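Novice: Chains as they are written, first to last, in this note's numbering: chain G, 2 to 246; chain U, 156 to 356.
We put the beta carbon where it would ideally sit given N, CA and C, even for glycine.
Note that the coordinates shown come from a computational prediction; the quantities given were computed from them, not determined experimentally.
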């Protein structure tokens, strides 16, 4: 271990494969980390519309996958991320529903530590990206997740298109949602998801980090602060009050 | 029948080695979809219009269906092309052995992990970061600092260097290792700059 490398209390991440599969490199990493007493986070992103099929079938595979992380692979935290085969994001209406149902099923029957990860279609410095993030954060928080991880904006595939402002939205929405009545959260989500899903076919790419922040001071630009405030006002109109943050 | 003990990763490997050989295409295109559909019908699962379930019976039925999916279908090793089996009792032993409390990070920057149940008033741990998104060398420290300096963030997750010293960080090459080590150094620098050197990552 180097002086700047991962320590035992940092989550060591390993992936399962789609669906209910693993390879030898995954097993070997786990064997080493187990011997060292490291915290292990196992991720898997079940594909809606993939091998398993529809929403319910994907949720069944998701629950099986989560249970396998703990029962077969000795992990400490499972990092989920149901993903839409057409859009490649976790923020669609269907993938939010799969994640919420799978998490609630385990939450009700175990004390396991469950996380979820964020892949939005829109890029940074756009209201759509922040609203996608907010919808998933509400969903994850109200369905009982213990950790939320992100945000891989622009589907996590375009260079330099992620920033700390998206994580701010993820966290502040989680704080505002925690403790709300679940029926009320569902009502907000109905309005919120409808606002951005119609733009999936022409989602804005947003801006690069270098255009969202002053690279010298690492402060977000006025432009991004304005976009953020606009998203907060939109969330307020949907029924989620972020004004305490 | 009671399980002898929770499975270890070596037990899992041993079972893969002795498991039934199944072509990967059969697993993907036949075994997984057929078993998932069968369990959806057995447990009468049909999600309504709500994003988050409010009906406890649906939650319980989905849990039973998922558990049965793992036990009845087994689990596949891609490299060996074989399927291992696990019993329901062994699954429960594994769940019992799993920690339900964890601490991530160190010093005054720790994040404490406890089970939340339902929509607990305690927010989840916020793990901020690019989640494996490609980040250029020139701004990697600043990108990671932008997460570490957010007060709402409890823990970090890295982005990925796309190049190292001008060379592409190609998988399975020495450049991949050099890039990974550089990511770790840069993430350490970002945490120090943000005044949170002990944040977990």
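Can you tell which of U:228, U:267, U:167, U:278 has the C-alpha that lies nearest to the C-alpha of residue 72 of chain G?
Specialist: U:167
Novice: According to DSSP, simplified to helix, strand and coil, what is residue 301 of chain U?
Specialist: Reduced to three states, the DSSP call for residue 301 of chain U is helix.
Novice: Between which two residues does the alpha helix (DSSP H) harbouring residue 197 of chain G extend?
Specialist: 183–198
Novice: Say whether chain G places a C-beta atom closer than 7 Å to the C-beta of residue 317 of chain U.
Specialist: yes
Novice: Spatial neighbours of residue 247 of chain G within its chain, please: C-beta separation below 8 Å, excluding the five flanking residues on both sides.
Specialist: The structure shown has nothing for residue 247 of chain G, since chain G only spans 2 to 246.
Novice: Write down every uninterrupted run of the beta strand (DSSP E) in the stretch 125–164 of chain G whose length is 3 residues or greater and which is fully enclosed by it, in chain order.
Specialist: 148–153
Novice: Since residue 6 of chain G meets chain U, which of its residues come closer than 7 Å, beta carbon to beta carbon?
Specialist: 339
Novice: Considering residue 232 of chain U, what are the terminal residues of the beta strand (DSSP E) in which it resides?
Specialist: 230–232
Novice: Return the Cβ separation of residue 265 of chain U and residue 353 of chain U in integer angstroms, given the expectation that the two are a contact with Cβ distance under 8 Å.
Specialist: 7 Å
Novice: Which residues in the same chain as residue 46 of chain G place their Cβ atom closer than 8 Å to its Cβ, once the five residues preceding and following it in sequence are excluded?
Specialist: Closer than 8 Å at Cβ, skipping near neighbours: 19, 81, 82, 83, 84, 91, 118.
Novice: For residue 52 of chain G, go through chain U and note every residue whose CB falls closer than 8 Å to its CB, in chain order.
Specialist: 183, 184, 187, 188
Novice: Going by C-alpha distance, which of U:340, U:274, U:262, U:310 is nearest residue 296 of chain U?
Specialist: U:340
Novice: Quick check: what's the CA-CA separation for residue 345 of chain U versus residue 356 of chain U?
Specialist: 11 Å
Novice: Would you say residue 57 of chain G faces chain U, with C-beta separation under 7 Å as the test?
Specialist: yes
Novice: Could you give the distance in angstroms between the alpha-carbon of residue 262 of chain G and the alpha-carbon of residue 243 of chain G?
Specialist: Here chain G comprises residues numbered 2 to 246, so residue 262 of chain G is not present and cannot be evaluated.
Novice: Please classify residue 170 of chain G: is it buried, with 16 or more other beta-carbons within 10 angstroms of its beta-carbon, or exposed?
Specialist: Buried.
Novice: Leaving out five residues on either side along the sequence, give the residues of the same chain with a beta carbon under 6 Å from the beta carbon of residue 79 of chain G.
Specialist: Only 43, 67, 70, 115 meet the Cβ criterion.
Novice: Taking one C-beta from the stretch 277–288 of chain U and one from the stretch 164–183 of chain G each time, how about it: are there three or more such pairs within less than 8 Å?
Specialist: Result yes; three or more Cβ-Cβ pairs closer than 8 Å.
Novice: How close, in whole Å, do the beta carbons of residue 236 of chain U and residue 176 of chain U come, if the pair is a contact with beta carbons under 8 Å?
Specialist: 6 Å
Novice: Counting contacts by CB-CB distance shorter than 7 Å, is residue 169 of chain G in contact with chain U?
Specialist: yes
Novice: If you measure beta-carbon to beta-carbon, which residues of the stretch 236–262 of chain U are closer than 7 Å to chain G?
Specialist: Within the stretch 236–262 of chain U, the residues whose Cβ lies closer than 7 Å to any Cβ of chain G are, in chain order, 241, 245, 246, 249, 250, 253, 254, 255, 257, 258, 259, 260, 261.
Novice: Is residue 134 of chain U helix, strand or coil by DSSP?
Specialist: Because chain U here runs from 156 to 356, residue 134 of chain U falls outside it and cannot be looked at.
Novice: If contact is defined by three or more beta carbon pairs under 8 Å, each pair taking one atom from either stretch, is the stretch 307–323 of chain U in contact with the stretch 213–226 of chain G?
Specialist: no
Novice: Could you say if the stretch 313–324 of chain U and the stretch 283–290 of chain U meet the contact criterion of at least three C-beta pairs nearer than 8 Å?
Specialist: Yes, since at least three Cβ pairs between the stretch 313–324 of chain U and the stretch 283–290 of chain U fall closer than 8 Å, the two stretches touch.
Novice: Could you give the DSSP three-state label for residue 161 of chain U: helix, strand or coil?
Specialist: coil
Novice: For the stretch 156–174 of chain U and the stretch 246–258 of chain U, state whether three or more C-beta atom pairs, one from each stretch, are separated by less than 8 Å.
Specialist: The stretch 156–174 of chain U vs the stretch 246–258 of chain U: in contact.
Novice: For the stretch 189–199 of chain G against the stretch 321–333 of chain U, do three or more pairs of beta-carbon atoms, one drawn from each stretch, fall closer than 8 Å, so that the two count as touching?
Specialist: no
Novice: Tell me the rounded alpha-carbon separation between residue 86 of chain G and residue 50 of chain G.
Specialist: 6 Å
Novice: Under 7 Å between C-beta atoms, does residue 187 of chain G make it to chain C?
Specialist: No chain C is present in this structure, whose protein chains are G and U.
Novice: Against chain G, does residue 295 of chain U count as a neighbour if the rule is that its beta carbon must be under 7 Å from one of theirs?
Specialist: no
Novice: Going by DSSP in three states, residue 310 of chain U sits in which element: helix, strand or coil?
Specialist: strand
Novice: Whose C-beta lies closer than 6 Å to the C-beta of residue 300 of chain U among residues of the same chain, with five residues either side of it excluded?
Specialist: 345, 348, 349
Novice: Can you check whether the C-beta of residue 234 of chain U is within less than 7 Å of a C-beta belonging to chain G?
Specialist: So, interface residue.
Novice: Return yes when the Cβ of residue 209 of chain G is within less than 7 Å of the Cβ of residue 214 of chain U, no when it is not.
Specialist: no
Novice: Taking C-beta pairs closer than 8 Å, name the residues in chain G that residue 314 of chain U reaches, listed in chain order.
Specialist: Within chain G, the C-beta atoms nearer than 8 Å to that of residue 314 of chain U come from 163, in chain order.
Novice: Is residue 244 of chain U near the ligand MN, with its Cβ less than 6 Å from a heavy atom?
Specialist: As for the ligand MN, it is missing from this structure, which has no ligand bound.
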